[in-house]
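Residue numbers (the working numbering): 12 to 216.
All residues carry an ideal CB built from backbone N, CA and C; glycine is no exception.
Each remark here refers to the structure printed beneath this line.
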């Protein structure tokens, strides 16, 4: 699916991924809320007691919606954070804004560089903050240049199309005028020929 998404223009790709993350993360949150009511039943209890969900639950209880929003920038923690938000009963009025912000960041990242690149940047930041900031600045410049090039290319193509249409219109009008003139000449010649035939058929006095 990602190959198909990467073939889309940037804004439609971001929009599609934004819908996907709302459905996936929101569904995980609702599943967590539903599982909270059945916490003592079989596999659900095992899920609640898993280390990942336990760790996410502690963080969500402590930091709330911020953890949910930031979880979209991680690899492997996102599902656990959304499930923990549902399991701990985080109100929808707090969860939905976090999903809106974090989901948009996720969609933009996935449509451009991917979460693996973000994870690599975070590791670089822990080792060398200055180097990570320099890489981020370079990336921003490159993205700006690419978008500018696409915009200029689109404008250039539009201008070329307009010039081609403008050049085609006079040619079409000239061809139409030539056709009309030829038709008039043909009619005149036919009328003259008909007149000669009538004159030849008229008996002399």
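| Query | Result |
| --- | --- |
| Three-state secondary structure assigned by DSSP to residue 88 | coil |
| Classification of residue 30 by the beta-carbon crowding that lies within 10 angstroms, buried from 16 upward | exposed |
| Per-residue DSSP class, three states only, for residue 20 | coil |
| Nearest neighbour of residue 74, chosen from 87, 90, 60, 101 [CA to CA] | 101 |
| Cβ contact check for the region 28-44 and the region 88-103: 3 or more pairs under 8 Å | yes |
| Backbone secondary structure at residue 102 - three-state DSSP | coil |
| Span of the alpha helix (DSSP H), counted from its first residue to its last, around residue 76 | 76-82 |
| For residue 124, the three-state DSSP class (helix, strand or coil) | coil |
| Separation of residue 32 from residue 72, as counted between CA atoms | 22 Å |
| C-alpha gap between residue 84 and residue 39, whole angstroms | 17 Å |
| Chain-order list of residues whose beta-carbon lies under 7 Å from that of residue 121 (same chain, five-residue window excluded) | 28 |
| Per-residue DSSP class, three states only, for residue 96 | helix |
| Buried/exposed call for residue 171, threshold 16 Cβ in 10 Å | Low confidence applies here, because residue 171 scores a pLDDT of 48, under 50, leaving its location unreliable and the question unanswered by this model. |
| Residue nearest to residue 25 in terms of C-alpha spacing, selected from 118, 141, 138, 162 | 118 |
| Secondary structure of residue 134, DSSP reduced to three states | helix |
| Spatial distance of residue 230 from residue 88 (CA atoms) | Not covered by the structure: residue 230. The range shown for the chain is 12 to 216. |
| Backbone secondary structure at residue 116 - three-state DSSP | helix |
| Beta-carbon proximity check, residue 113 vs residue 82, cutoff 8 Å | yes |
| Inter-residue spacing [alpha-carbon to alpha-carbon] between residue 153 and residue 147 | 10 Å |
| Cα-Cα separation between residue 20 and residue 48, rounded to whole angstroms | 43 Å |
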